[in-house]
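Trainee:
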Amino acid sequence: MRLVLPAVSAAISLLVLIPLLGHGFVLNYDMVFAPEQTLVPDSLGLGSALPRSVPADAVMAWATALLPGDIVQKLVLLLALFLAPLGAGRLVPTDSTAIRVVAAVWYGWSAYLAERLFMGHWPYLVAYACLPWIASAGLAVRRGEPKAVAKLILACLPAVITPTGGILAAVLAVVCAGRRAVPVAIALNMPWWVPSVLRPGGALSTPDGVGAFAARAESWASPVVSVLGLGGYWNSEAVPGSRAMPVMPLLTLVFVAVALWGLRSLASRWGVRPARALLILGAVGVAIASLGAVSGGDDVLRWAVQHVPGAGLLRDSQKWVAWWALPSALGFALGVEAAGKYLTNRVGLVAVAVLLPLVTMPDFAWAGLGRLRTVEYPSDWAAVRTVLESSEEPGDVLALPMSAFRRFAWNRDRTQLDPAPRYLPRTTVTDDVVYVGGHPIAGEDTRTAAVRAALASGQSLGGQGIGWVLVEHGTPGAVDPSILSSLRETWSGPWLTLYRVPGPIAPPPAGAPFGIVLAADLIALAVGASGLLWLLLPAGRFRRHSVVRTVEE
Amino acid sequence: MGTLVAAIIVVVAGLGLAGGGTYLLVSKEMPDKTVEFENAPWANNTNGVINYGTP
Chain Y
1 MRLVLPAVSA AISLLVLIPL LGHGFVLNYD MVFAPEQTLV PDSLGLGSAL PRSVPADAVM
61 AWATALLPGD IVQKLVLLLA LFLAPLGAGR LVPTDSTAIR VVAAVWYGWS AYLAERLFMG
121 HWPYLVAYAC LPWIASAGLA VRRGEPKAVA KLILACLPAV ITPTGGILAA VLAVVCAGRR
181 AVPVAIALNM PWWVPSVLRP GGALSTPDGV GAFAARAESW ASPVVSVLGL GGYWNSEAVP
241 GSRAMPVMPL LTLVFVAVAL WGLRSLASRW GVRPARALLI LGAVGVAIAS LGAVSGGDDV
301 LRWAVQHVPG AGLLRDSQKW VAWWALPSAL GFALGVEAAG KYLTNRVGLV AVAVLLPLVT
361 MPDFAWAGLG RLRTVEYPSD WAAVRTVLES SEEPGDVLAL PMSAFRRFAW NRDRTQLDPA
421 PRYLPRTTVT DDVVYVGGHP IAGEDTRTAA VRAALASGQS LGGQGIGWVL VEHGTPGAVD
481 PSILSSLRET WSGPWLTLYR VPGPIAPPPA GAPFGIVLAA DLIALAVGAS GLLWLLLPAG
541 RFRRHSVVRT VEE
Chain Z
554 MGTLVAAIIV VVAGLGLAGG GTYLLVSKEM PDKTVEFENA PWANNTNGVI NYGTP
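As C-alpha cells, this is what we get:
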C-alpha cells in the first residue's frame, strides 16, 4: 500500500508529460530552455532588467553545465508534476491511502498546474510542488521535531528560484512553522530581493498590466468562482477548453463546500493554530488573486504597482491562488473521508472523488491533448552561439525585430519568449514591451528604452554597449534596413543573421552592486548547504547524545 | 448529512462526465473545416505584433 501514492503521482505526471519526453525542447510562451545556458550578469540580477527569473537562470546555467538543457527541462517538469500530488497525499492527516490519493489527484490535476504549464511558467510549477513539503516540514518545526528546520530549508530551496515562488514558499513556511521560519525565509530569498532593492532604476512597474493581467471568468460565473476552482488565469489562450464547461462553476462550488466541511477535522488533527492559519492563508490567496477582477480592487493594485517597489508582482495576481490549492485539496479529501463514514459504498465514493478532476479537465492530459510538443532548435542557433563564444570582440547582443516574443515556423508558430537571452553566451537585450490583446504594456528595463531611442534616432548602438545585432528571421515584426546598413554581417543562415557593430563599444550600464549581490547569493547558498549537511551529517545525533550525557552526569 | 453530500458528489460527477464530454467532443472542439490550417495567417498577429496573450 505504501507504493500506491507514489504510483498514482507518477501516473499523473506521466499522463501529462509522456508526449514531451522525446528529443527536443518545449518552447511555449514563457518557457525557454536552451542546450547550454551561460551565466551572464542578468542571471544573478546584475543586469538592467528586473530580476524576474533570478536566480532561476543562474540555477539553469549550473544545471545545463551538468546535463543537456532538454534533459534538464524534462526532469524539472516530471519532478514538479510528480512531487506535487505526492506531497499533498502525504500531508493528509489520515490512515487511509485512498483518502491520500484523493488529495493527491485534486492537488496534482488542478487548473493552476494546467494553465501555468501551458503558459510556460515552470518555476511556478516547481513552487506549487514544494508547497505541501514546506507545510509538512513547517508543521514538524512547530512540533519541535529534530532536523525539522533543515527539512524546511530543503523544501523551500527549489521554490525560491523566482520572486513569486520565493514568496509563496516563505509565507507558507512562516504560517506552518511560526516565527522560527522567518530568518530562513528572508535568507533563502536574498538572491532576488537584494538585487531588486539595489537596482538603479528601482522596482516600480507600469500599472497598464493590472487590468490586462487580472483574473478572468472562465465560464458564465464570476472570476472569483474561477479562482476558487484554482483557475481564472488571464490569458484565455493558455486555459484548457474544459474550464469553460457550463457545469464547471457548480462543480467548483461543490468542491469548495466539501473542502470547507473537511477542513473542520484538520484542526483536531493538526492543532487549531496551524489549521486556522493555513485556511486563512488560502483565503488571502483567493482574495489577492481576485483583487484585480473586482470593483475597486483594480484601483488598489494600480496604486500599489505605481508607488510600492516590487508590487508589480501583484499584477498577474491569479498566481497567489496557489495558497488556496493546498487547504482545498486537503479539505476535500477529508470531506470525502467524513462522508464515507455515512455510506455503505465507500469505494464508489472514493472512485468518483478520484476520477472527478480527470473527467472534468481531460484536456490537461497528454500535454494538453497535443497543445505542447517538443521541437529542435535550427542549427543556426548553435552556429551563432559558436561565433559569439569564439569572438574576443566586446559588446552585448541586441535581438531584432524589437519584440519580446517570437513565432517561428520551426516551432509551429507557437508564441514563445525570445530564446536568444538564454541560448546565447552573452547578455542579450530584447524588447520588454508586451502586447496583450493588441495593447502595449511597457516594461521596466531602462537599457531597452535607451536602445530603442538609439535605433529611432540612428545613433550608434556601440554607445549602449551593444556590440552585436542578431536578426531573427521568420517571425513577425520588421527590421529597418537602415539599421543594418551600417553593420558588418558576420554570419547568416535561414533563421538567423549576426551582425557586428563597428566602432567603439561602451561598457554596459551599471546594475546592482556586484559585491553585495554576490554576498547575498553566498548567504542563501550557505543556508541551503547547511540544511543539506545538517540532514546528511550526524550533527543532530552528536547534539542529542551530548544532551543525554549531560542529563546522566 | 454525509449521505446527502456523497449523493450530491455522485450526481454532480455524473453531470460533469456527461456534460463535459458532450461539450468537449460535440460543441467546443468540433473542427472548423473551412479553416485552411496549413496556410493560415498568424493567429494573433496584427501589424507585426505578437500578442503575449488574449484576456
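Chains Y and Z, in that order, are what the protein sequence lines are. Each step along the first sequence adds one to the number in the working numbering, with nothing skipped, and position 275 is 275. Each step along the second sequence adds one to the number in the working numbering, with nothing skipped, and position 33 is 586. Cβ coordinates follow ideal geometry from the N, Cα and C atoms, glycine included.
Going by DSSP in three states, residue 505 (chain Y) sits in which element: helix, strand or coil?
Mentor: The residue labelled residue 505 (chain Y) in the question sits at position 505 within the first sequence. In this structure, residue 505 (chain Y) counts as coil in the three-state DSSP scheme.
Trainee: By a C-beta neighbour count over all protein chains shown, 10 Å radius and 16 as the cutoff for buried, is residue 13 (chain Y) buried or exposed?
Mentor: Taking the first sequence and counting its residues from 1, one reaches residue 13 (chain Y) at position 13. Buried, because 16 or more other Cβ atoms sit within 10 Å of the Cβ of residue 13 (chain Y).
Trainee: Alpha carbon to alpha carbon, how far is residue 63 (chain Y) from residue 255 (chain Y)? Give it in angstroms, no decimals.
Mentor: If you number the first sequence from 1, residue 255 (chain Y) lands on position 255. If you number the first sequence from 1, residue 63 (chain Y) lands on position 63. Going from the Cα of residue 255 (chain Y) to the Cα of residue 63 (chain Y) covers about 39 Å.
Trainee: Are the CB atoms of residue 324 (chain Y) and residue 285 (chain Y) within a distance shorter than 8 Å?
Mentor: Numbered from 1 along the first sequence, position 285 holds the residue referred to as residue 285 (chain Y). Numbered from 1 along the first sequence, position 324 holds the residue referred to as residue 324 (chain Y). Yes, Cβ-Cβ distance for residue 285 (chain Y) and residue 324 (chain Y) is below 8 Å.
Trainee: Under the rule that 16 or more other beta-carbon atoms within 10 Å means buried, what is residue 249 (chain Y), buried or exposed?
Mentor: In the first sequence, counting from the first residue as 1, residue 249 (chain Y) sits at position 249. Buried.
Trainee: Using three-state DSSP, classify residue 604 (chain Z) as helix, strand or coil.
Mentor: The count along the second sequence starts at 1 and reaches residue 604 (chain Z) at position 51. In this structure, residue 604 (chain Z) counts as strand in the three-state DSSP scheme.
Trainee: Tell me whether residue 364 (chain Y) is buried or exposed, calling it buried when 16 or more other Cβ atoms sit within 10 Å of its Cβ.
Mentor: Taking the first residue of the first sequence as 1, we reach residue 364 (chain Y) at position 364. Residue 364 (chain Y) should be labelled buried.
Trainee: Answer yes or no: does any C-beta atom of chain Z fall closer than 8 Å to that of residue 352 (chain Y)?
Mentor: Locating residue 352 (chain Y) in the first sequence gives position 352, counting from the first residue. So, interface residue.
Trainee: Under 8 Å between C-beta atoms, does residue 437 (chain Y) make it to chain Z?
Mentor: As a first step, residue 437 (chain Y) must be located in the first sequence, where it is residue number 437. Output row for residue 437 (chain Y): interface = yes.
Trainee: Does DSSP put residue 403 (chain Y) in a helix, a strand or coil?
Mentor: Stepping through the first sequence from its first residue, residue 403 (chain Y) is reached at position 403. Coil at residue 403 (chain Y), not helix or strand.
Trainee: For residue 509 (chain Y), I'd like the list of residues in its chain whose CB is within less than 6 Å of its CB, leaving aside the five on either flank, ordered along the chain.
Mentor: For the purposes of this step, residue 509 (chain Y) is taken as the residue at position 509 of the first sequence. Once the five neighbours on either side are set aside, the close Cβ partners of residue 509 (chain Y) are 48 and 447.
Trainee: Counting only Cβ pairs nearer than 7 Å, list the residues of chain Z close to residue 237 (chain Y).
Mentor: For the purposes of this step, residue 237 (chain Y) is identified with residue 237 of the first sequence, where counting begins at 1. Under the 7 Å cutoff, chain Z gives 606 and 607.
Trainee: So the candidates are Y:418, Y:110 and Y:378; which of them puts its Cα closest to the Cα of residue 430 (chain Y)?
Mentor: Residue mapping note: residue 430 (chain Y) aligns to position 430 of the first sequence, counting from 1. Among Y:418, Y:110 and Y:378, the Cα nearest to that of residue 430 (chain Y) is on Y:418.
Trainee: Give me the residue from Y:222, Y:155 and Y:516 with the minimum Cα distance to residue 139 (chain Y).
Mentor: In the first sequence, the residue the question calls residue 139 (chain Y) occupies position 139. Minimum Cα distance to residue 139 (chain Y) is reached at Y:155.
Trainee: With residue 468 (chain Y) as the anchor, note down where its alpha helix (DSSP H) starts and where it stops.
Mentor: Counting from 1 along the first sequence, the entry for residue 468 (chain Y) is found at position 468. Premise fails: residue 468 (chain Y) lies in the beta strand (DSSP E), 466 to 472, not in any alpha helix (DSSP H).
Trainee: Would you mind working out which of Y:310, Y:213 and Y:467 sits nearest residue 298 (chain Y), comparing C-alpha positions?
Mentor: In the first sequence, the residue the question calls residue 298 (chain Y) occupies position 298. Considering only alpha carbons, the answer is Y:213.
Trainee: Any contact of the stretch 295 to 310 of chain Y with the stretch 231 to 241 of chain Y, i.e. 3+ C-beta pairs under 8 Å?
Mentor: No: fewer than three Cβ pairs fall under 8 Å.
Trainee: Could you give the DSSP three-state label for residue 364 (chain Y): helix, strand or coil?
Mentor: Residue 364 (chain Y) sits at position 364 when you count from the first residue of the first sequence. In the structure shown, residue 364 (chain Y) sits in a helix (DSSP, three-state: H, G or I).
Trainee: Could you compute how far the alpha carbon of residue 359 (chain Y) sits from the alpha carbon of residue 569 (chain Z)?
Mentor: Here residue 359 (chain Y) corresponds to residue number 359 of the first sequence, with the count starting at 1. Here residue 569 (chain Z) corresponds to residue number 16 of the second sequence, with the count starting at 1. Cα to Cα, residue 359 (chain Y) sits roughly 7 Å from residue 569 (chain Z).
Trainee: At what residue ranges does the stretch 433 to 495 of chain Y contain a whole run of the beta strand (DSSP E), taking only runs of 3 or more?
Mentor: Fully enclosed beta strand (DSSP E) runs of 3 or longer: 434 to 436, 439 to 441, 466 to 472 and 488 to 492.
Trainee: Residue 403 (chain Y) touches chain Z at which residues, Cβ-Cβ below 7 Å?
Mentor: Residue 403 (chain Y) sits at position 403 when you count from the first residue of the first sequence. Within 7 Å Cβ-Cβ: 603.
Trainee: What is the rounded straight-line gap between the Cα of residue 345 (chain Y) and the Cα of residue 529 (chain Y)?
Mentor: Stepping through the first sequence from its first residue, residue 345 (chain Y) is reached at position 345. Stepping through the first sequence from its first residue, residue 529 (chain Y) is reached at position 529. Straight-line Cα distance between these residues: approximately 50 Å.
Trainee: DSSP has residue 429 (chain Y) in a bridge; who is on the other side?
Mentor: Counting from 1 along the first sequence, the entry for residue 429 (chain Y) is found at position 429. BP columns for residue 429 (chain Y) point to Y:398.
Trainee: Mark residue 23 (chain Y) as exposed unless 16 or more other C-beta atoms lie within 10 angstroms of its C-beta, in which case mark it buried.
Mentor: Position 23 of the first sequence, counting from 1, holds the residue named residue 23 (chain Y). Per the 10 Å Cβ criterion, exposed.
Trainee: Output needed in chain order: residues of the stretch 347 to 371 of chain Y with a Cβ under 8 Å from some Cβ in chain Z.
Mentor: Answer in chain order: 348, 349, 352, 353, 355, 356, 359, 360, 362 and 363.
Trainee: Answer yes or no: does any C-beta atom of chain Z fall closer than 8 Å to that of residue 558 (chain Y)?
Mentor: Residue 558 (chain Y) cannot be examined here, being either before or after the span of chain Y that is shown, 1 to 553.
Trainee: So with Cβ pairs under 8 Å, would you call residue 565 (chain Y) a contact of chain Z?
Mentor: Past the boundaries of the shown model lies residue 565 (chain Y); chain Y is included only from 1 to 553, so the question cannot be answered.
Trainee: Chain Z partners of residue 341 (chain Y), CB-CB under 8 Å?
Mentor: The residue given as residue 341 (chain Y) occupies position 341 in the first sequence. Within 8 Å Cβ-Cβ: 555.
Trainee: Taking buried to mean at least 16 other C-beta atoms within 10 Å of its own C-beta, is residue 207 (chain Y) buried or exposed?
Mentor: One-based indexing of the first sequence puts residue 207 (chain Y) at position 207. Counting Cβ neighbours within 10 Å, residue 207 (chain Y) comes out buried, since at least 16 surround it.
Trainee: Output, in chain order, the set of chain Z residues within a Cβ distance shorter than 9 Å of residue 245 (chain Y).
Mentor: Position 245 of the first sequence, counting from 1, holds the residue named residue 245 (chain Y). Those within 9 Å of residue 245 (chain Y) in chain Z are 569, 572, 573, 576, 577 and 581.
Trainee: Considering only the alpha carbon of each residue, which of Y:514, Y:525 and Y:222 lies closest to residue 290 (chain Y)?
Mentor: As a working mapping, residue 290 (chain Y) is identified with position 290 in the first sequence. The residue with the shortest Cα to Cα distance from residue 290 (chain Y) is Y:222.
Trainee: So that I know if they touch, is there some Cβ in chain Y lying closer than 8 Å to that of residue 592 (chain Z)?
Mentor: Working through the second sequence from its first residue, we reach residue 592 (chain Z) at position 39. In this prediction, residue 592 (chain Z) scores a pLDDT of 49, lower than 50, which makes its location untrustworthy; the coordinate-derived value is nonetheless stated afterwards. Chain Y contact via Cβ: absent.
Trainee: Evaluate contact between the stretch 499 to 507 of chain Y and the stretch 374 to 389 of chain Y, counting only Cβ atoms and requiring at least three cross-stretch pairs below 8 Å.
Mentor: The answer is no - the stretch 374 to 389 of chain Y does not touch the stretch 499 to 507 of chain Y, with fewer than three Cβ pairs under 8 Å.
Trainee: Would you list, in sequence order, the uninterrupted alpha helix (DSSP H) runs of no fewer than 4 residues that lie entirely inside the stretch 153 to 185 of chain Y?
Mentor: Entirely contained in the stretch 153 to 185 of chain Y, the alpha helix (DSSP H) runs reaching 4 residues are, in chain order, 163 to 177.
Trainee: What does residue 26 (chain Y) pair with, by DSSP beta-bridge criteria?
Mentor: Within the first sequence, residue 26 (chain Y) is the residue found at index 26, counting from 1. DSSP, once it has assigned bridges, lists Y:374 as partnering residue 26 (chain Y).
Trainee: So what's residue 497 (chain Y) in DSSP terms, helix, strand or just coil?
Mentor: In the first sequence, counting from the first residue as 1, residue 497 (chain Y) sits at position 497. Strand.
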